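Undergrad: Quick one: this structure, given as structure tokens, is what I'll be asking you about.
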Amino acid sequence: MSVSKEDVKHIANLSKLNLTDEELDKYTTDLSNIVDFANELSNINVDGVKPTAHILDIKNVFRKDEVDASYDREEILKNAPSKDAGCISVPKVVE
Amino acid sequence: MKDYEVIIGLEVHAELSTNTKIYCNCSTSFGADPNTHCCPICTGMPGTLPVLNEKVVEYAVKAGLATNCEISRFSKQDRKNYFYPDLPKAYQISQYDLPLCLGGHLDINVNGNKKTIGITRIHIEEDAGKLIHDAYTGDTLVDMNRCAVPLIEIVSEPDIRNADEAVAYMQTLKSILEYLEVCDCKMQEGSLRCDVNLSVRPVGQKEFGTRTETKNLNSFRAIHNLIEFETKRQIEVLENGGVIHQETIRWDDAKGIGYAMRSKEDAQDYRYFPEPDLAPIVLSDEYINDMKNSLPEMPHLKKERYIKEFGLPEYDAEILTASKYTANFFEKTNAICNNPKAVSNWIMGDFAKMLNEKELEINESKVTEENLACLISLIDKGTISSKIAKQIFEEMFETGENAKDIVEKKGLVQISDEGAIKEIVQRVVEANPQSVADYKAGKDRAIGFMVGQIMKETKGKANPQIVNKLLLEIINK
Ligand SMILES: [Zn+2]
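Top to bottom, those sequences are chains A and B. Quick note: the first sequence uses my numbering, first residue 1, plus one each step. Quick note: the second sequence uses my numbering, first residue 1001, plus one each step.
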């Protein structure tokens, strides 16, 4: 397996996900399969091929520095499960 | 105790003074109601497409050129992943392996000694939102107005050795960014702030010690105090046989104490990867040259010019050009009254002292360039004495009133009429026979006393040269 159980635990931790033992087993297999599949690309000879910074052949997509109307606050906060004083309210995060 | 060497590197974040955010058209202006400068792009809604603000590239390139960096012909943006409520996308768009600017340096002046500090890189990135602690409910409130305000991060080499050097570096950088007009540098609003990486090692040791990081210091004083504190703390830990852990220090500026926050080992796993929604930035030589040519006169060149053009001492030129605002004030004032040394003396003397006391920048003062020029002209023409001028200046500083008006209102015009002065001199001489005798016995100090009396009678308005001349004439008769 190219991805270990420890790897999955670590990634889950970074993503703030709690996984059950069953999920841990399943994701270890699934993620290994995905990484193995992607690793097949390593077999391709890339001599003389430039490193890819972007999959499309584009560069310098810019916009002018001109202010446009923002959204109404009600609209911006519409999906928030909890809000207060014009803000999204989340559990306390002070260290 | 062993001798220790302190190794410091600074990561400075400067909010760019663009009108709009880095990837959307929302305004960047400070102090708006929470969550009113937001749209689906800067709040990280799925399916939105960021588009880079061209001014961000321009400003970052200018900052790079002004700090002697190499500008990358090919640059890209990357996602830095971390999970925190101030970051609605759960990643910050930044630059990882191909930043816009690389390998520069800055010359700083520390108590008269020159030193060069290397600059590793400058990259562009987006700011995070603001978290407000709601004391009433105990929850945390998220204001996303600052999300995606453009930043440049300027990373120094670990060339800084103490608090004074760190502050000098920060002041020099601030001055340059102000001259470039790419950042308003309001430290108290957080538009210029810095992270301090610090480690210590016994003198002679090759390897660096383990470093700690303190984030988001937003005053020179805080930078200075944190460095002194953390240096002492690390040396004490080592002297007591302890080890320094790689951790983040939280600095309590009010208490002057830093708290080590033992962080988890995996906390800094940002899993950078190329940002697929943004195209690479490819800059031509022509573009970079245009930027070079558009740079304003930088402080060190301005300083040379002040010495040549205005005949000012190097010391004056250095102080006047350290801030764009001071330099502008000097040039505008001198353009009116054409007396560079007098303007310089006022700006560096009484004016600077009062600004310091009130913690104001020169451009925030009520005294205008026109007013100071008017005051200097009044002295130059002999209308007022320089002693009275100091008194007038204090009032100008408090009220913003015009020097001429104060002179008229208070009747402070200098008395240069010999007849009028002579009468007073005569009276003072007659009233102080002992002083006259003392003077004749060789006590020069007696003259000073009588001049003081005459000035007191005229409320300081008598022309001192004429007073001196007449006094000697009358005594020696
Ligand atoms: Zn927006």
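We put the beta carbon where it would ideally sit given N, CA and C, even for glycine. Please read all numbers here as calculations on a predicted model, not as lab measurements.
My guess is that residue 1280(B) and residue 1130(B) are in contact by the Cβ rule of under 8 Å, so how many angstroms apart are they, rounded?
TA: Residue numbering aside, residue 1280(B) sits at position 280 when the second sequence is read from its first letter. Residue numbering aside, residue 1130(B) sits at position 130 when the second sequence is read from its first letter. That belief does not hold up - the Cβ atoms of residue 1280(B) and residue 1130(B) are roughly 31 Å apart, past 8 Å.
Undergrad: Is DSSP giving residue 1105(B) helix, strand or coil here?
TA: Along the second sequence, one-based indexing puts residue 1105(B) at 105. In the structure shown, residue 1105(B) sits in a strand (DSSP, three-state: E or B).
Undergrad: Would you please verify whether the beta carbon of residue 1254(B) is less than 8 Å from any beta carbon of chain A?
TA: Residue numbering aside, residue 1254(B) sits at position 254 when the second sequence is read from its first letter. No, residue 1254(B) lies away from the interface with chain A (no Cβ there is under 8 Å from its Cβ).
Undergrad: Could you list the residues in the region 65-83 of chain A with a C-beta less than 7 Å from some C-beta on chain B, going in chain order?
TA: Of all residues in the region 65-83 of chain A, 65, 66, 67, 68, 70, 71, 73, 76 and 77 have a Cβ within less than 7 Å of some Cβ in chain B.
Undergrad: Which residue marks the beginning of the beta strand (DSSP E) containing residue 1260(B), and which one marks its end?
TA: Translated into the one-based positions of the second sequence, residue 1260(B) becomes position 260. Run containing residue 1260(B): 1257-1261, per the beta strand (DSSP E) assignment.
Undergrad: Looking at C-alpha atoms only, which residue of 1354(B), 1454(B), 1345(B) and 1080(B) is the closest neighbour of residue 1432(B)?
TA: Residue numbering aside, residue 1432(B) sits at position 432 when the second sequence is read from its first letter. Of the listed residues, the one whose Cα sits closest to residue 1432(B) is 1454(B).
Undergrad: Does the beta-carbon of residue 89(A), which I'm using as the reference point, lie nearer than 7 Å to any heavy atom of ligand 1?
TA: Here residue 89(A) corresponds to residue number 89 of the first sequence, with the count starting at 1. The answer is no for residue 89(A).
Undergrad: Could you tell me the boundaries of the alpha helix (DSSP H) in which residue 60(A) lies?
TA: In the first sequence, the residue the question calls residue 60(A) occupies position 60. Careful: residue 60(A) lies outside any alpha helix (DSSP H) and carries neither H nor E.
Undergrad: Under 8 Å, Cβ to Cβ, is there at least one residue of chain A near residue 1173(B)?
TA: Counted from its first residue, the second sequence places residue 1173(B) at position 173. It does not: the Cβ of residue 1173(B) has no partner Cβ on chain A nearer than 8 Å.
Undergrad: Compute the minimum distance between the beta carbon of residue 32(A) and the heavy atoms of ligand 1, and state whether it is under 7 Å.
TA: Numbered from its first residue, the first sequence carries residue 32(A) at position 32. The answer is no for residue 32(A).
Undergrad: I need the straight-line Cα distance from residue 1428(B) to residue 1466(B), nearest angstrom please.
TA: Position 428 of the second sequence, counted from the start, is the residue given in the question as residue 1428(B). Position 466 of the second sequence, counted from the start, is the residue given in the question as residue 1466(B). The alpha-carbon atoms of residue 1428(B) and residue 1466(B) are separated by roughly 15 Å.
Undergrad: So what's residue 1024(B) in DSSP terms, helix, strand or just coil?
TA: In the second sequence, the residue the question calls residue 1024(B) occupies position 24. The answer is coil: DSSP assigns residue 1024(B) none of H, G, I, E or B.
Undergrad: Rounded to a whole number of angstroms, what is the C-alpha to C-alpha distance between residue 1326(B) and residue 1347(B)?
TA: On the second sequence, residue 1326(B) is found 326 positions in, with the first residue counted as 1. On the second sequence, residue 1347(B) is found 347 positions in, with the first residue counted as 1. Cα to Cα, residue 1326(B) sits roughly 8 Å from residue 1347(B).
Undergrad: If residue 1049(B) sits next to residue 62(A), beta carbons under 8 Å apart, how far is it from one beta carbon to the other, in whole angstroms?
TA: Position 49 of the second sequence, counted from the start, is the residue given in the question as residue 1049(B). Position 62 of the first sequence, counted from the start, is the residue given in the question as residue 62(A). The pair is not a contact, with the Cβ atoms about 13 Å apart (cut-off 8 Å).
Undergrad: From residue 1191(B) to residue 1204(B), what distance separates their C-alpha atoms?
TA: Stepping through the second sequence from its first residue, residue 1191(B) is reached at position 191. Stepping through the second sequence from its first residue, residue 1204(B) is reached at position 204. Between residue 1191(B) and residue 1204(B), the C-alpha separation is close to 39 Å.
Undergrad: So what does DSSP say about residue 1014(B), is it helix, strand or coil?
TA: As a working mapping, residue 1014(B) is identified with position 14 in the second sequence. Residue state, collapsed to three classes: strand.
Undergrad: Going along the chain, which residues of the region 31-61 of chain A sit with their C-beta nearer than 9 Å to a C-beta in chain B?
TA: Correct list: 52, 53, 54, 55, 56, 58, 59, 60 and 61.
Undergrad: Would residue 1274(B) pass as a contact of residue 1310(B) if the rule is Cβ separation under 8 Å?
TA: Position 274 of the second sequence, counted from the first residue, corresponds to residue 1274(B). Position 310 of the second sequence, counted from the first residue, corresponds to residue 1310(B). No, these two residues do not count as a Cβ contact at 8 Å.
Undergrad: Output needed for residue 1064(B): all residues of its chain with C-beta closer than 6 Å, excluding positions within five of it in sequence on either side, in chain order.
TA: Here residue 1064(B) refers to the residue found at position 64 when the second sequence is read from its first residue. For residue 1064(B), where only same-chain residues beyond five positions count, the Cβ hits under 6 Å are 1071, 1101 and 1122.
Undergrad: Which same chain residues, not among the five before or five after residue 1382(B), have their C-beta less than 8 Å away from its C-beta?
TA: Stepping through the second sequence from its first residue, residue 1382(B) is reached at position 382. Counting only Cβ-Cβ distances below 8 Å, and skipping sequence neighbours, we find 1414, 1416 and 1463.
Undergrad: Mapping the DSSP letters down to three states, classify residue 1299(B) as helix, strand or coil.
TA: For the purposes of this step, residue 1299(B) is taken as residue 299 along the second sequence, with counting starting at 1. Here residue 1299(B) sits in helix by DSSP.
Undergrad: Could you name the residues of chain B that residue 24(A) contacts, counting a contact when the two beta carbons are closer than 9 Å?
TA: As a first step, residue 24(A) is located in the first sequence; it is residue number 24 there, counting from the start. Those within 9 Å of residue 24(A) in chain B number zero; the least Cβ separation is about 17 Å.
Undergrad: Determine, using beta carbons only, whether residue 12(A) comes closer than 8 Å to chain B.
TA: Working through the first sequence from its first residue, we reach residue 12(A) at position 12. No, residue 12(A) does not count as interfacial toward chain B.
Undergrad: Quick one: does residue 5(A) have its CB under 8 Å from some CB of chain B?
TA: Position 5 of the first sequence, counted from the first residue, corresponds to residue 5(A). It does not: the Cβ of residue 5(A) has no partner Cβ on chain B nearer than 8 Å.
Undergrad: Pairing CB atoms from the region 1146-1158 of chain B with CB atoms from the region 1107-1115 of chain B, are three or more of them under 8 Å?
TA: No, because fewer than three Cβ pairs between the region 1146-1158 of chain B and the region 1107-1115 of chain B fall closer than 8 Å, the two stretches do not touch.
Undergrad: Does the CB of residue 1159(B) have a neighbour CB from chain A at under 8 Å?
TA: As a working mapping, residue 1159(B) is identified with position 159 in the second sequence. Chain A contact via Cβ: absent.
Undergrad: Distance check for residue 13(A) and residue 1092(B), CA to CA, integer angstroms please.
TA: What you label residue 1092(B) is simply residue 92 of the second sequence in a count that begins at 1. What you label residue 13(A) is simply residue 13 of the first sequence in a count that begins at 1. Distance between the alpha carbons of residue 1092(B) and residue 13(A) is about 19 Å.
Undergrad: Near residue 1146(B), what residues of its chain come up, given a Cβ to Cβ distance below 8 Å and the 5 sequence neighbours on each side ignored?
TA: Residue mapping note: residue 1146(B) aligns to position 146 of the second sequence, counting from 1. Once the five neighbours on either side are set aside, the close Cβ partners of residue 1146(B) are 1127, 1128, 1129 and 1130.
Undergrad: For residue 1140(B) versus residue 92(A), is the C-beta spacing smaller than 8 Å?
TA: Counting from one through the second sequence, the residue named residue 1140(B) turns up at place 140. Counting from one through the first sequence, the residue named residue 92(A) turns up at place 92. Against a cut-off of 8 Å, the Cβ pair of residue 92(A) and residue 1140(B) comes out as a contact.
Undergrad: May I ask you to verify whether the region 1368-1376 of chain B touches the region 1395-1408 of chain B, counting CB pairs closer than 8 Å and requiring at least 3?
TA: Touching, yes.
Undergrad: So if DSSP puts residue 1115(B) in a beta bridge, which residue, or which two residues, is it bridged to?
TA: Counting from one through the second sequence, the residue named residue 1115(B) turns up at place 115. Partner(s): 1108(B).
Undergrad: What residues are listed by DSSP as bridge partners for residue 1125(B)?
TA: Reading the second sequence from its first residue, position 125 is the one you call residue 1125(B). Answer is 1151(B).
Undergrad: How would you write the range of the beta strand (DSSP E) that residue 1133(B) sits in, first residue to last?
TA: On the second sequence, position 133 is the one that residue 1133(B) refers to. From DSSP, the beta strand (DSSP E) with residue 1133(B) extends over 1130-1133.
Undergrad: Starting from residue 972(B), trace the alpha helix (DSSP H) both ways and give me its first and last residue.
TA: This structure cannot speak to residue 972(B), because chain B is shown only from 1001 to 1477.
Undergrad: Does chain A have any CB closer than 8 Å to the CB of residue 1279(B)?
TA: Here residue 1279(B) refers to the residue found at position 279 of the second sequence. Closer than 8 Å: yes.
Undergrad: Which residues mark the beginning and the end of the alpha helix (DSSP H) in which residue 1414(B) is found?
TA: As a first step, residue 1414(B) must be located in the second sequence, where it is residue number 414. Counting along the chain, residue 1414(B) falls outside any alpha helix (DSSP H), and DSSP gives it neither H nor E.
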